[in-house]
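Asks:
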Amino acid sequence: MAHTSLTSPDTSRPRPTGAWRRCLKMPIGIQSIIAVGLGALIGTAAPSAGEQMKILGDVFLNLVQVIVLPLVFPLIVLGIARMESVRKVGRIAGKAIVYFELVTTVILLIAVGLAKLTGIGKGAPVHGADAKDLDGLSQGIDFHELVLHAVPKNIFAAFGEGNLLGAIVFALLVGVAMAAIGEKAAPFASVLESVAAVMFKVVGYVIRVAPLGVLGFISYDVAYYGFGNLRSLLGFIAVVYAGLAIVIGVVFPLIAAIYRIRYVQLLKSIAGLAGIAFVTRSSESVLAPLMGKLEAFGVSRSTTSFVVPLGYSFNTDGSVLYQAAALVFLANAYGADTSLPALLLMVGVLVILSKGMAGVASASIVVLIAAGNSIGLPAEGIALLLGVDFIVDMARTGVNVVGNSLAAAVVDSSENRREAKRGSSQTLHTQANSAATNLDKEAVR
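Going by the working numbering, the sequence shown opens with residue 600, and the numbers climb by one from there.
1) From 900, 951, 808, 995, pick the residue whose C-alpha is nearest to that of residue 659; which is it?
2) Can you give the Cα-Cα distance for residue 892 and residue 869, rounded to whole angstroms?
3) Report the residue from 941, 811, 937, 967 whose alpha carbon sits nearest the alpha carbon of residue 634.
4) Should residue 663 go down as buried or exposed, given a rule of 16 or more other Cβ atoms within 10 Å for buried?
5) Apply the 10 Å Cβ neighbour rule to residue 798 and answer buried if 16 or more other Cβ atoms are within range, or exposed otherwise.
6) By Cβ distance, which residues of its chain are closer than 6 Å to residue 673, with the 5 residues on each side in sequence left out?
7) How long is the line joining the alpha carbons of residue 835 and residue 867, rounded to whole angstroms?
8) I'd like to check one pair, residue 993 with residue 851: are the Cβ atoms closer than 8 Å?
9) Below 8 Å, how does it come out for the stretch 937-950 and the stretch 890-906: are there three or more Cβ pairs, yes or no?
10) Are there 16 or more other CB atoms within 10 angstroms of the CB of residue 625, so buried, or fewer, so exposed?
11) Taking 7 Å as the limit between beta carbons, can you name the residues of its chain near residue 655, skipping five residues before and five after?
12) Report the residue ranges of all alpha helix (DSSP H) runs contained in full by the stretch 622-678; include only those spanning at least 4 residues, in chain order.
13) CB residue 841 to CB residue 668, shorter than 8 Å?
14) Sorted by chain position, which residues of the same chain lie with C-beta nearer than 8 Å to residue 917's C-beta, five sequence neighbours on each side aside?
15) Just to confirm the assignment: which complete alpha helix (DSSP H) runs, minimum length 4, are found wholly within the stretch 812-859?
16) Residue 960 by DSSP, collapsed to three states: which one?
17) In chain order, what residues of the same chain lie with their CB nearer than 6 Å to the CB of residue 699, ignoring the 5 residues before and after it?
18) For residue 896, does the count of other Cβ atoms within 10 angstroms reach 16, so buried, or fall short, so exposed?
19) Quick one: grab the DSSP three-state call for residue 977.
20) Within a Cβ cutoff of 6 Å, which residues of the same chain sit near residue 710, ignoring the five residues on either side of it in sequence?
21) Residues in its own chain within less than 8 Å of residue 1007 by CB, not counting five upstream and five downstream?
22) Skipping 5 residues on each side, what residues in its chain have a beta carbon closer than 6 Å to that of residue 886?
23) Which residue comes first and which comes last in the alpha helix (DSSP H) that contains residue 911?
24) Exposed or buried, which one is residue 804 when buried takes at least 16 other CB atoms within 10 Å?
25) Taking the alpha helix (DSSP H) that residue 590 falls in, what are its first and last residues?
26) Quick one: what's got a C-beta closer than 7 Å to residue 1004's C-beta in the same chain, skipping five residues either side?
27) Please list, in chain order, all residues of the same chain as residue 680 whose beta carbon is under 6 Å from its beta carbon, the five residues on each side excluded.
28) Going by Cα to Cα distance, which pick from 874, 771, 931 is closest to residue 692?
29) Starting from residue 761, trace the alpha helix (DSSP H) both ways and give me its first and last residue.
30) Roughly how many angstroms lie between the CA atoms of residue 991 and residue 879, to the nearest whole one?
31) Tell me which same chain residues have a C-beta within less than 7 Å of the C-beta of residue 643, skipping the five on either side of it?
32) How close, in whole Å, do the beta carbons of residue 751 and residue 761 come, if the pair is a contact with beta carbons under 8 Å?
33) Which term fits residue 641, buried or exposed, when burial requires 16 or more other beta carbons within 10 angstroms of its beta carbon?
34) Hey, residue 935 and residue 975: beta-carbon distance below 8 Å or not?
35) For a test of the three-state rule: what should DSSP assign to residue 734, helix, strand or coil?
36) Report buried or exposed for residue 781, applying the criterion of at least 16 other Cβ atoms within 10 angstroms of its Cβ.
Set out below in structure tokens:
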């Protein structure tokens, strides 16, 4: 009897089964969608409670930012150290930068053309905007400071500040040095591999609490911003979303087709992460798992670990589209010149300024202010757009994630084509030499 009592299950205690357990087993994407609905309900029904729930989102972002650099740094170093030569590092960097510039310019032209065609901003109540909302934001971008930001004097301080661009530059130097000394770097490489493996595990833990972060952000956004400005700015929101849809549904598929990338499969593999970035409005929240997804998709680790972090600083496709549409909106609202030369000037200014977004707080708004100042638009009108910024910010952040994923796949595909072409050329050269040798032997005979 004693043996039976020890082995038989205790049915008197409640077991953690039922709806709660099923909810926890749901995919993160489904949990996040449920969190969006709950957050909107809380923000609408109890605004004071909704504002207080922002702490959940802040805690989630802090967890993300804590692990980004400790993971990205070893991955970049190892990716570069394992490349065949320093020349390959420069080649990949060059391809990535050229790709970023070309795609950014195309997206800016689409945004400006769409905004001009629809005439958004005419009659908008910009004169009633409160410029105090812009207090604390920089009125421009200092490129001198940007260069110093990319080359920090103290790497530990850069890590403490979350300086991703500075970490990339330092990792580039370390990776090149490891490749140069060869076998002597093997122990350090082993340590970095262990660090990366541990941080990937931590990433898995952090992503599990993403729905709580989503709940906190949505509750706060709905409670704090409300939907008061939606009616007057509905046209602007519609144009931004239409432009982003064109980028996702037309521009990116064309690029993928040119480089023979399975675009639909790529979207499926990163859809959950793009959704988390959408609702948290933070690309960094999915940076680490995104690189893992791209590796699983077939992009090499060396390309992924270098191009994706670089793209976070220089390839913000969704953000530049928003900025271009916003500039045309303000130009129409203030009755400024929107002729073809003026629109091309806007595009040129944004092509330059959008590359200065790395490491700048409230980057899209800051670039918008700087671009507006450079073409004579008052900053007060931008304050009106802040009321709906969280709505468009979600979409542009999601597009940024997709754009960087495609950029890594494109660069990797280009490298694979080059290697395949090089391999076939060497094969033909070897066959030609063999044939010539055989002919010489026949001649001797």
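By construction, the Cβ of each residue, glycine as well, lies at the ideal position given by its N, Cα and C atoms.
Replies: Quick answer:
1) Taking the first residue of the sequence shown as position 1, residue 659 is located at position 60. If we check each option's Cα against that of residue 659, 808 comes out closest.
2) Locating residue 892 in the sequence shown gives position 293, where the first residue counts as 1. Locating residue 869 in the sequence shown gives position 270, where the first residue counts as 1. Distance between the alpha carbons of residue 892 and residue 869: 7 Å.
3) As a first step, residue 634 is located in the sequence shown; it is residue number 35 there, counting from the start. Comparing Cα-Cα distances from residue 634 to each of 941, 811, 937, 967, the minimum goes to 811.
4) Sequence index remark: in the sequence shown, residue 663 carries index 64 (1-based). Buried, since its Cβ has 16 or more Cβ neighbours within 10 Å.
5) Here residue 798 corresponds to residue number 199 of the sequence shown, with the count starting at 1. Residue 798 comes out buried.
6) The residue labelled residue 673 in the question sits at position 74 within the sequence shown. Same-chain partners within the cutoff: 791, 794, 795.
7) Reading the sequence shown from its first residue, position 236 is the one you call residue 835. Reading the sequence shown from its first residue, position 268 is the one you call residue 867. In a straight line, the C-alpha of residue 835 is about 29 Å away from that of residue 867.
8) Counting from 1 along the sequence shown, the entry for residue 851 is found at position 252. Counting from 1 along the sequence shown, the entry for residue 993 is found at position 394. Their beta carbons are not under 8 Å apart, which means residue 851 does not touch residue 993 by this criterion.
9) no
10) Residue 625 sits at position 26 when you count from the first residue of the sequence shown. Exposed, by the Cβ-count rule.
11) Taking the sequence shown and counting its residues from 1, one reaches residue 655 at position 56. 811, 812, 814, 815.
12) 627-644, 646-651
13) The residue labelled residue 841 in the question sits at position 242 within the sequence shown. The residue labelled residue 668 in the question sits at position 69 within the sequence shown. No; because the gap between Cβ atoms is not below 8 Å, this pair is not in contact.
14) Locating residue 917 in the sequence shown gives position 318, where the first residue counts as 1. Once the five neighbours on either side are set aside, the close Cβ partners of residue 917 are 843, 846, 994, 995, 996, 997, 998, 999, 1002.
15) 833-845, 851-857
16) For the purposes of this step, residue 960 is taken as the residue at position 361 of the sequence shown. At residue 960 the pLDDT is 43, less than 50, meaning the model places this residue with poor confidence; the figure from the coordinates comes in the next sentence. Looking at residue 960 - three-state DSSP - the assignment turns out to be coil, as it is neither helix nor strand.
17) The sequence position of residue 699 within the sequence shown is 100, counting from 1. Correct list, in chain order: 913, 914.
18) In the sequence shown, residue 896 corresponds to position 297, counting from 1. Its Cβ being crowded by 16 or more others within 10 Å, residue 896 is buried.
19) The count along the sequence shown starts at 1 and reaches residue 977 at position 378. The answer is coil: DSSP assigns residue 977 none of H, G, I, E or B.
20) The residue you call residue 710 lines up with position 111 of the sequence shown. Only 842, 920, 923, 924 meet the Cβ criterion.
21) Position 408 of the sequence shown, counting from 1, holds the residue named residue 1007. So the list reads 893, 898, 902, 903, 906, 907, 910, once near-sequence residues are dropped.
22) Here residue 886 refers to the residue found at position 287 of the sequence shown. Here the set comprises 667.
23) Taking the first residue of the sequence shown as position 1, residue 911 is located at position 312. Looking at the DSSP string, the run of the alpha helix (DSSP H) that includes residue 911 is 900-913.
24) Along the sequence shown, read from residue 1 onward, the residue named residue 804 stands at position 205. Residue 804 comes out exposed.
25) A question about residue 590 goes unanswered here, because the residues of the chain that appear run from 600 up to 1044.
26) Numbered from 1 along the sequence shown, position 405 holds the residue referred to as residue 1004. The residues are 865, 869, 889, 893.
27) Within the sequence shown, the letter at position 81 stands for residue 680. Taken in chain order, the residues that qualify are 774, 777, 778.
28) For the purposes of this step, residue 692 is identified with residue 93 of the sequence shown, where counting begins at 1. Considering only alpha carbons, the answer is 771.
29) Working through the sequence shown from its first residue, we reach residue 761 at position 162. Element bounds for residue 761: n/a, residue is neither H nor E.
30) Locating residue 991 in the sequence shown gives position 392, counting from the first residue. Locating residue 879 in the sequence shown gives position 280, counting from the first residue. Near 12 Å, if we compare the C-alpha coordinates of residue 879 and residue 991.
31) Mapped onto the sequence shown, residue 643 falls at position 44. The residues are 821.
32) Counting from one through the sequence shown, the residue named residue 751 turns up at place 152. Counting from one through the sequence shown, the residue named residue 761 turns up at place 162. Wrong, their Cβ atoms sit about 12 Å apart, outside the cutoff.
33) In the sequence shown, the residue the question calls residue 641 occupies position 42. Buried: at least 16 other Cβ atoms inside 10 Å.
34) The residue labelled residue 935 in the question sits at position 336 within the sequence shown. The residue labelled residue 975 in the question sits at position 376 within the sequence shown. For residue 935 and residue 975, yes; Cβs fall inside 8 Å.
35) The count along the sequence shown starts at 1 and reaches residue 734 at position 135. Only weak support exists for where residue 734 lies, its pLDDT of 48 falling under 50; the value from the coordinates is given anyway. Residue 734 falls in the coil class under three-state DSSP.
36) By 1-based counting over the sequence shown, the position of residue 781 is 182. So residue 781 ends up on the exposed side.
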